[in-house]
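Residue numbers (the numbering used here): 1039 to 1136.
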Amino acid sequence: MTVSKTKTSFYRRLYVAWLIDSGSATSVPALMAATGMPRRTAQDTLAALADLDIECTFEQDDGERHNAGHYAIRDWGAIDKGWIERNLKHIRSVLDYP
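Structure (structure tokens):
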């Protein structure tokens, strides 16, 4: 199946936001482990969530230094999180993620 770069980029953003919101992967290393994507791709994807009006913030862990913390989704904007959950299998298949 041939999938456009636009669709894979969109699905990647949705999946990363879902991973963060579900608590499955809330840091760049955890996103890399969950998806197999390189560090730079994970960082770029996090930055691109704002393009979809998904509000993702980095929260510093109490008493920690040097960017020790986690990402959290504060607002999904116009995105229906339920659609992502209902279509996770298809999204993972398109992205070739486990």
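Think of the CB as a built atom: it goes at the ideal place given N, C-alpha and C, for glycine as much as any other residue.
In this structure, Ser1065 is the residue among Asp1089, Ser1065, His1128, Trp1114 with its C-alpha nearest to the C-alpha of Ala1106.
Closest in alpha carbon position to Leu1133, among Asp1113, Tyr1109, Ala1072, is Ala1072.
The DSSP-derived three-state label of Asp1134 is coil.
Taking C-beta atoms as the reference points, Arg1050 and Thr1083 count as a pair closer than 8 Å. Counting every other CB atom within 10 Å of its CB across the protein chains shown gives Trp1121 a total below 16, marking it as exposed. By the Cβ neighbour-count rule, Ala1055 is buried, with 16 or more other Cβ atoms within 10 Å of its own. CA-to-CA, the gap between Leu1069 and Phe1096 works out to about 14 Å. Going by DSSP, Gly1107 is part of the beta strand (DSSP E) stretching over 1107-1113. Thr1073 carries a helical assignment under DSSP once its states are collapsed to helix, strand and coil.
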